[in-house]
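Peer 1: Residues 113 to 338 in my numbering are what the sequence shown spells out, letter by letter. C-beta: ideal position from N, C-alpha, C; glycine also. Values in this document were obtained by computation on a predicted structure and should not be read as measured data.
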Amino acid sequence: TGAETGAETGADSGAEAFANRLRKNLRHLGKWARREGIFCYRLYDADLPEYSVAVDLYEDAVCIQEYEAPRTVDAAAAQRRLRQILSSVPTVLGVPASRVFFKVRRRQRGGAQYERRNTGNPEAWKIVREGAHRFWVNLEDYLDTGLFLDHRPLRRLLGARAAGRCCLNLFGYTGTATVHAAAGGATATTTVDLSSTYLDWAQRNLELNRLSDRRHELVRADVLRW
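(1) With which residues is N250 paired in a DSSP beta bridge?
(2) Hey, could you find the ends of the beta strand (DSSP E) A173 is sitting in?
(3) If C279 and T286 are in contact, beta carbons under 8 Å, what's the gap, nearest whole angstrom?
(4) Around the Cβ of Q177, are there at least 16 other Cβ atoms within 10 angstroms (buried) or fewer (exposed)?
(5) Taking the CB atoms as reference points, tell me whether G284 and A298 lie closer together than 9 Å.
(6) Whole angstroms is fine: what's the gap from L139's alpha carbon to R326's?
(7) Taking the DSSP output, what are the residues bridged to N281?
(8) DSSP state of R332, grouped into three classes?
(9) Could you tell me whether the Cβ of V201 comes closer than 9 Å to any Cβ of chain C?
(10) Just checking my contact of C152 with E171 at CB under 8 Å: how many whole Å lie between their CB atoms?
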């Protein structure tokens with residue numbers, strides 16, 4: 113029918129608009145990233161309201177996070193747009209589909225944010241670079257990847273100011289800030305987090321950067337009580 117044809121035409125134009133925005137962002141942000149020596153960054157963040165996802169580059173892999181749609185959004189239309197996104201990203205970015213990871217970002221309650229989904233995909237684990245440092249990320253099994261991309265300037269600042277100082281990292285997560293401080297010449301660091309999973313992750317990050325020694329303490333505890 114004419115209505116169906118119109119819907120398909122609209123869908124096609126929307127998919128093309130999304131692909132064009134990705135290309136534009138990659139061209140613009142790619143130059144900035146290469147100039148600054150940045151390997152992991154957010155390429156797209158719901159720039160087009162109908163295509164409500166975040167697209168993050170982790171070197172040669174991509175993490176797509178869909179923002180949970182409100183109930184007022186037609187479910188069939190949302191699924192159609194998601195299929196368009198998952199089809200466009202590998203093509204536009206030149207990344208194999210096997211290195212494109214997807215998750216839905218829902219409002220979390222309690223400790224759900226930190227629970228593992230147990231996908232069992234070994235490809236979800238990856239080592240990425242940040243300046244002179246390297247970090248383990250997991251692009252599929254948890255809500256967050258282990259490396260908050262928007263904290264990059266703060267980590268860099270911490271590393272630049274850490275020489276000769278002690279550093280206390282509360283709610284330390286995977287210890288990425290600790291690595292920057294330790295590499296920046298901190299005389300000692302203490303990283304506190306309630307999650308043994310993330311403290312183990314922090315230990316792996318310290319070991320990856322050859323910074324694992326007695327000067328850098330990891331403490332499993334409730335931060336407020338500690």
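Peer 2: In brief:
(1) The count along the sequence shown starts at 1 and reaches residue 250 at position 138. Looking at the DSSP assignment, N250 forms a beta bridge with W237.
(2) For the purposes of this step, residue 173 is taken as residue 61 along the sequence shown, with counting starting at 1. A173 -> beta strand (DSSP E) spans 173-179.
(3) Counted from its first residue, the sequence shown places residue 279 at position 167. Counted from its first residue, the sequence shown places residue 286 at position 174. In fact, because the Cβ distance is near 15 Å, the residues do not count as touching under 8 Å.
(4) Translated into positions along the sequence shown, residue 177 becomes position 65. Buried.
(5) Here residue 284 refers to the residue found at position 172 when the sequence shown is read from its first residue. Here residue 298 refers to the residue found at position 186 when the sequence shown is read from its first residue. No, the Cβ-Cβ distance between G284 and A298 is not below 9 Å.
(6) Counting from one through the sequence shown, the residue named residue 139 turns up at place 27. Counting from one through the sequence shown, the residue named residue 326 turns up at place 214. Just to set this straight, residue 139 is Arg in the shown sequence, not Leu. Rounded to the nearest angstrom, the two C-alpha atoms are 45 Å apart.
(7) The sequence position of residue 281 within the sequence shown is 169, counting from 1. DSSP lists T303 as partners of N281.
(8) Here residue 332 is taken as the residue at index 220 of the sequence shown, counted from 1. DSSP, read as helix, strand or coil, puts R332 in strand.
(9) Among the protein chains of the structure shown there is no chain C, as only one such chain exists.
(10) Counting from one through the sequence shown, the residue named residue 152 turns up at place 40. Counting from one through the sequence shown, the residue named residue 171 turns up at place 59. Rounded, the Cβ-Cβ distance is 7 Å, consistent with contact.
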